[in-house]
Amino acid sequence: MRTLALACFALASTAILLPGQRQTENVLLVTLDGLRWQDVFGGADNRMMNVKDGGVKDLLATRKRFTRGDKLKSREVLMPFLWQVIAKQGQVFGDPASNAKANIVNTMKFSYPGYSELICGVVDETIQSNNKLPNPNVNVLEYLNSLQPYRGKVATFASWDVHEHIVNKARSGIMCEVAWQPITVATSIQRKIELQQMVDLLPRYWDNSVCFDALTFHRAKEYLMVNKPRVLYVALGETDEWAHARRYDLYLQMAQRNDTMVRELWQWMQQDPQYKDKTTLVLTVDHGRGRTPRDWIDHGKNVAGAEEIWMAVMGPDTEALGIRKDVHATQSMIASTVAAVLGEDFQKRVANAAPPLPGVTR
Ligand SMILES: [Zn+2]
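If you use our numbering, the sequence shown corresponds to residues 33 to 394, in order.
What follows is the structure, encoded as structure tokens:
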């Protein structure tokens, strides 16, 4: 019924629906650091289900949890929200089997250049490290925050502390909290105390630079419930950490848990009048990783395949096309996509930014 109603609406209104008349009023952008398209489209990879290449501790339990008879079932177990909801109601890019590769344009193939490309829509060849330098490029979050309807309603929460510099918090003026920074917003004083205790009591496993995604998720969700941002960017980071540590078991666990986090944010939004049927979700990664059982842990300039990524979009202005076929997408298209679903034009501000993902808005 819903599909039929939407289809009729689309038919009746394609000709007169101008960009400024989108149904989308809010955007949820989520990134999962370095989660490979191979695992997303194919589920847990048997070649890494071992100690030598995957560093898997409990082989039986890990197989039982993630391995199914075929790839379609395995991927649904790994990321049920992506495959049962987003892929059915939205669009997924980056499946080479569908002649639909998605690539990063920058040649660095690591995080800062990747995140910068995806929020700024351009490749800046001067960004050649993950150092905490302020990003000189205007990003789409900053652009939206400069427009009256979104001013003060754009927020970023990230597990990795460098994100503060990638979004250039100082210049862009957007709300941004990262890694182990103090909890400032919660739905109650008690909740704030509890979350702060987690910040204080959890081990600093990756020093101060990366926190556990559970913290970032809860911090973001509390802020969402209290301040209701129109543009919320949640950058999760653990998949990359466990991959670099050659822990395929924990990498899979976090892919699955990240999928749960996205589902929870989405479901909360769908019961709130500000967000319900007026929110678009954009889900993607900053880079891919190696293709082989030896180098799946790695990415960077010299790792073949680390330029291959994936992205997914779901929302009221996006046709339910599922896995996109015969289309080429780039990471740089994300910035303009975030603006376009809201009926805004990022290229007005950054003329050389890549256009939105093809066919994502009606
Ligand atoms: Zn990364």
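Backbone N, C-alpha and C define an ideal beta-carbon position, used for all residues, glycine too. Just so you know, these numbers come straight off a predicted model, no measurement behind them.
Q. First and last residue of the beta strand (DSSP E) that includes Met343?
A. Reading the sequence shown from its first residue, position 311 is the one you call residue 343. Note, Met343: beta strand (DSSP E), Met343 to Met346.
**Q.** Thr158 versus Gly332: straight-line alpha-carbon distance, rounded
**A.** By one-based count along the sequence shown, residue 158 stands at place 126. By one-based count along the sequence shown, residue 332 stands at place 300. Each residue's Cα considered, the two are about 16 Å apart.
Q) Taking just the CA atoms, how far does Val392 sit from Thr324? A) As a first step, residue 324 is located in the sequence shown; it is residue number 292 there, counting from the start. As a first step, residue 392 is located in the sequence shown; it is residue number 360 there, counting from the start. A straight line joining the alpha-carbon of Thr324 with that of Val392 spans about 32 Å.
Q: Check the DSSP bridge columns for Glu209 and list the partner residues they point to.
A: Numbered from its first residue, the sequence shown carries residue 209 at position 177. Per the DSSP secondary-structure output, Glu209 pairs in a beta bridge with Phe189.
Q. Assuming Arg321 and Ala338 make a contact with CB atoms under 8 Å, what is their CB distance in whole Å?
A. Along the sequence shown, read from residue 1 onward, the residue named residue 321 stands at position 289. Along the sequence shown, read from residue 1 onward, the residue named residue 338 stands at position 306. Taking 8 Å as the upper bound for CB-CB distance, Arg321 and Ala338 are in contact here, some 6 Å apart.
Q) In the structure shown, what three-state DSSP assignment does Trp238 receive? A) For this step, residue 238 is matched to residue 206 along the sequence shown. Here Trp238 sits in strand by DSSP.
Q | Coarse secondary structure for Asn290, derived from DSSP in three states | A | Stepping through the sequence shown from its first residue, residue 290 is reached at position 258. Asn290 falls in the helix class under three-state DSSP.
Q | Nearest-angstrom Cα separation, counted from Leu114 out to Glu108 | A | Walking along the sequence shown from the start, residue 108 turns up at place 76. Walking along the sequence shown from the start, residue 114 turns up at place 82. CA-to-CA, the gap between Glu108 and Leu114 works out to about 8 Å.
(Q) What does the alpha-carbon distance come out to for the pair Ala76 and Asp291? (A) For this step, residue 76 is matched to residue 44 along the sequence shown. For this step, residue 291 is matched to residue 259 along the sequence shown. Going by C-alpha positions, Ala76 is about 14 Å away from Asp291.
Q: Return yes when the C-beta of Gly320 is under 7 Å from any heavy atom of ligand 1, and no when it is not.
A: In the sequence shown, residue 320 corresponds to position 288, counting from 1. No, the beta carbon of Gly320 sits no closer than 7 Å to any heavy atom of ligand 1.
(Q) Tell me which residue opens and which closes the alpha helix (DSSP H) that Thr271 is part of. (A) Counting from 1 along the sequence shown, the entry for residue 271 is found at position 239. Segment Glu270 to His276, the alpha helix (DSSP H) holding Thr271.
Q: Look up Val154 in the DSSP assignment and say whether it is helix, strand or coil.
A: As a working note, residue 154 is residue 122 in the sequence shown. The answer is coil: DSSP assigns Val154 none of H, G, I, E or B.
Q) Should the segment 179–196 be regarded as contacting the segment 261–269, the criterion being three or more beta carbon pairs within less than 8 Å? A) Enough Cβ pairs lie closer than 8 Å, so yes.
Q) Is the beta carbon of Pro388 sitting closer than 8 Å to the one on Ser368? A) Here residue 388 corresponds to residue number 356 of the sequence shown, with the count starting at 1. Here residue 368 corresponds to residue number 336 of the sequence shown, with the count starting at 1. Yes, the Cβ-Cβ distance between Pro388 and Ser368 is below 8 Å.
Q.
Count Cβ pairs between the segment 144–159 and the segment 304–319 that sit closer than 8 Å; are there 3 or more?
A. Contact check between the segment 144–159 and the segment 304–319: three or more CB pairs, one atom from each, fall below 8 Å, which counts as touching.
Q) My guess is that Ala218 and Ala361 are in contact by the Cβ rule of under 8 Å, so how many angstroms apart are they, rounded? A) In the sequence shown, residue 218 corresponds to position 186, counting from 1. In the sequence shown, residue 361 corresponds to position 329, counting from 1. Ala218 to Ala361, Cβ: 37 Å. No contact.
Q) Between Ser143 and ligand 1, is the CB less than 7 Å from at least one heavy atom? A) Locating residue 143 in the sequence shown gives position 111, counting from the first residue. Checking every heavy atom of ligand 1 against the Cβ of Ser143, one is found closer than 7 Å.
Q. Fully enclosed by the segment 294–370, which beta strand (DSSP E) runs are 3 residues long or longer?
A. You should have 311–316 and 343–346.
Q. What distance in whole Å lies between the Cβ atoms of Gln379 and Leu150, which are believed to be in contact at a cut-off of 8 Å?
A. Translated into positions along the sequence shown, residue 150 becomes position 118. Translated into positions along the sequence shown, residue 379 becomes position 347. In fact, because the Cβ distance is near 15 Å, the residues do not count as touching under 8 Å.
**Q.** Spatial neighbours of Arg356 in its chain, beta-carbon cut-off 6 Å, leaving aside the 5 residues before and after
**A.** Looking up residue 356 in the sequence shown gives position 324. If we look at Arg356 and ignore the five residues flanking it on each side, its Cβ neighbours are Gln123, Phe125 and Ala132.
Q.
Can you give me the C-alpha to C-alpha distance between Thr35 and Asn167, rounded to a whole angstrom?
A. Residue 35 sits at position 3 when you count from the first residue of the sequence shown. Residue 167 sits at position 135 when you count from the first residue of the sequence shown. Low local confidence applies: a pLDDT of 46 at Thr35 is under 50, so the model's placement there is unreliable, with the coordinate-based value given in what follows. Each residue's alpha carbon lies about 42 Å from the other.
(Q) Given this structure, state the Cα-to-Cα distance separating Lys308 from Gln222, to the nearest angstrom. (A) Your numbering for residue 308 matches position 276 in the sequence shown. Your numbering for residue 222 matches position 190 in the sequence shown. So the two alpha carbons sit approximately 28 Å from each other.
(Q) Any heavy atom of ligand 1 inside 7 Å of the beta-carbon of Gly146? (A) As a first step, residue 146 must be located in the sequence shown, where it is residue number 114. Result yes, Cβ under 7 Å from ligand 1.
Q. Taking the C-alpha atoms as reference points, what is the distance between Leu282 and Gln53?
A. As a position in the sequence shown, residue 282 is number 250, starting the count at 1. As a position in the sequence shown, residue 53 is number 21, starting the count at 1. Each residue's Cα considered, the two are about 43 Å apart.
Q. Under a Cβ-count criterion, where at least 16 other Cβ atoms within 10 Å of its own Cβ denotes burial, should Lys91 be classed as buried or exposed?
A. Within the sequence shown, numbered from 1, the residue matching residue 91 stands at position 59. At residue 91 the sequence reads Leu, which differs from the Lys that was named. Result: exposed.
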